[in-house]
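Residue numbers (our numbering): 4 to 363. Quick reminder that beta carbons are idealized off the backbone N, C-alpha and C, glycines included.
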Amino acid sequence: MPTIAVLTSGGDAPGMNAAIQAVVKVAASRGWEVLGIERGFTGLLNGVARPLTRNADGAPYPVPEIDDIGALGGTVLGSSREPRFVDPVERQKAAAFLDERGVEGLVVIGGNGSMAGAHALSGEVDLPVVGIPASIDNDIGLTREALGVDTALNTIVEACDRISDTARSHRRAFVVEVMGRSSGYLAMAAAVATAADAVLLPEQGRGFDEILDSLTACIRHAFSPRRGKRRVLVIKAEGVQFPTHLLVDELRAELSDMEDVDIRGTVLGHLVRGGNSSFRDRMLGGRFGLVAVEAVLEGKTDVMVGWNLVDMGEPTSDNFIRLFSLPEVLTETEALLDGSSPVTQDRVRRMEAIHGVLSL
Ligand code: F6P
Numbered sequence: 004m005p006t007i008a009v010l011t012s013g014g015d016a017p018g019m020n021a022a023i024q025a026v027v028k029v030a031a032s033r034g035w036e037v038l039g040i041e042r043g044f045t046g047l048l049n050g051v052a053r054p055l056t057r058n059a060d061g062a063p064y065p066v067p068e069i070d071d072i073g074a075l076g077g078t079v080l081g082s083s084r085e086p087r088f089v090d091p092v093e094r095q096k097a098a099a100f101l102d103e104r105g106v107e108g109l110v111v112i113g114g115n116g117s118m119a120g121a122h123a124l125s126g127e128v129d130l131p132v133v134g135i136p137a138s139i140d141n142d143i144g145l146t147r148e149a150l151g152v153d154t155a156l157n158t159i160v161e162a163c164d165r166i167s168d169t170a171r172s173h174r175r176a177f178v179v180e181v182m183g184r185s186s187g188y189l190a191m192a193a194a195v196a197t198a199a200d201a202v203l204l205p206e207q208g209r210g211f212d213e214i215l216d217s218l219t220a221c222i223r224h225a226f227s228p229r230r231g232k233r234r235v236l237v238i239k240a241e242g243v244q245f246p247t248h249l250l251v252d253e254l255r256a257e258l259s260d261m262e263d264v265d266i267r268g269t270v271l272g273h274l275v276r277g278g279n280s281s282f283r284d285r286m287l288g289g290r291f292g293l294v295a296v297e298a299v300l301e302g303k304t305d306v307m308v309g310w311n312l313v314d315m316g317e318p319t320s321d322n323f324i325r326l327f328s329l330p331e332v333l334t335e336t337e338a339l340l341d342g343s344s345p346v347t348q349d350r351v352r353r354m355e356a357i358h359g360v361l362s363l
């Protein structure tokens, strides 16, 4: 029986397990066995894997574990950020392992580093390699959304709602930091959904003093008798290059004359990355998984499935999913992160446009 391998790599993201589940079920339904590679590219290099299907009466069936994983956050296969995988000599070990286990197709679920690894490997093995985008940061090119983004946003919104309850009770301003090393997408989207008063993004390229001045004015205005707000919420992306506690200390110093106003900081950190996946991430995981297996079966390689870019890429059996070549994905990812992509420029423009509305 032919075998397809699947791995999850980079920062885990809710929806990865839904995608694994779909890959296993779709592959088994087409008569393929599935091998789960443990801990991403590390498992490929070290030759550590476990079967995700078993044979009964000559047909492959998902192992029972697979039935229970669709809702779970994290990844049951484990993940890693594997620095050795950039080395072509090391990657030969991965190619040899896939060959030894008779693997005829590979699905890589992960973020931009993982798509780079999948691209490099696809040129060195004689089998289809297909990527599924997964990163809470939404920093992967040529997909409107990656797995994990929706769940992370739901978690952030719930956390901000809770913080707002206590903030309103004490007339406090909170700076809430959310994940997003190089991308402010989570901060941006959450700021709109929580009616935050301000948002700080790495893409804006603003310096510390400029941010301090604008937040000081924002908080003064919000708590002024004229405006009379009871809560100020500032959402800061992790990628803004100074610590949240430093910003909070400086704001306290600037606003020390406002005696009944207090400023606090909360870093949500990894809380945002875990948790059962939302409906949307399960739905995306299932649909990405199906199309990725179909692509493997059609012999497509060095490609990634992308969501909701209907006029671009190559069509698939799903009207909302297109296939994009990994080199194109990597180029667009770089542009997203260095700010030259129209997608990044549009996001920043839209946030600048509502700047005065948020702080009103
Ligand atoms: O997966 C993306 C991400 O969550 C970033 O937002 C964050 O900067 C990074 O991963 C943290 O990674 P790690 O858990 O490896 O420190």
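Is residue i close to the ligand F6P? I mean its beta-carbon at under 7 Å from any heavy atom of the ligand.
{"i": "M182", "result": "yes"}
{"i": "R87", "result": "no"}
{"i": "E241", "result": "yes"}
{"i": "R276", "result": "yes"}
{"i": "G292", "result": "no"}
{"i": "R53", "result": "no"}
{"i": "S138", "result": "yes"}
{"i": "G34", "result": "no"}
{"i": "G114", "result": "yes"}
{"i": "R84", "result": "yes"}
{"i": "G13", "result": "yes"}
{"i": "H173", "result": "no"}
{"i": "H273", "result": "yes"}
Can you tell me which of the three DSSP states residue i falls into?
{"i": "K303", "result": "coil"}
{"i": "I332", "result": "Reading the sequence as shown, one finds Val at residue 332 and not Ile. Residue state, collapsed to three classes: helix."}
{"i": "E107", "result": "strand"}
{"i": "K239", "result": "strand"}
{"i": "E85", "result": "coil"}
{"i": "V202", "result": "strand"}
{"i": "E213", "result": "helix"}
{"i": "F327", "result": "strand"}
{"i": "A176", "result": "strand"}
{"i": "I112", "result": "strand"}
{"i": "R53", "result": "strand"}
{"i": "P91", "result": "helix"}
{"i": "E317", "result": "strand"}
Please list the terminal residues of the continuous alpha helix (DSSP H) segment that includes residue i.
{"i": "I159", "result": "V152 to H173"}
{"i": "R255", "result": "T247 to E257"}
{"i": "G120", "result": "N115 to S125"}
{"i": "A192", "result": "Y188 to A196"}
{"i": "A62", "result": "Where A62 is concerned, there is no enclosing alpha helix (DSSP H), although the beta strand (DSSP E) it sits in stretches over A62 to P65."}
Over what stretch of residues does the beta strand (DSSP E) that includes residue i continue unbroken?
{"i": "N58", "result": "T56 to A59"}
{"i": "P136", "result": "V132 to P136"}
{"i": "I7", "result": "T6 to S12"}
{"i": "E36", "result": "E36 to I40"}
{"i": "T269", "result": "D265 to V270"}
Margin query: Pairs of beta-carbons, one from the stretch 10 to 21 and one from the stretch 80 to 94, closer than 8 Å: are there three or more?
Written below: yes
Checklist line | Contact the stretch 65 to 75 vs the stretch 251 to 263: 3+ CB pairs below 8 Å | finding: no
Next item on the list: Determine, using beta-carbon pairs with one atom in the stretch 295 to 310 and one in the stretch 268 to 278, whether at least three such pairs fall under 8 Å.
Entry: no
Margin query: Across the stretch 91 to 110 and the stretch 121 to 128, are there enough close Cβ pairs to call them in contact, namely three or more that are closer than 8 Å?
Written below: yes
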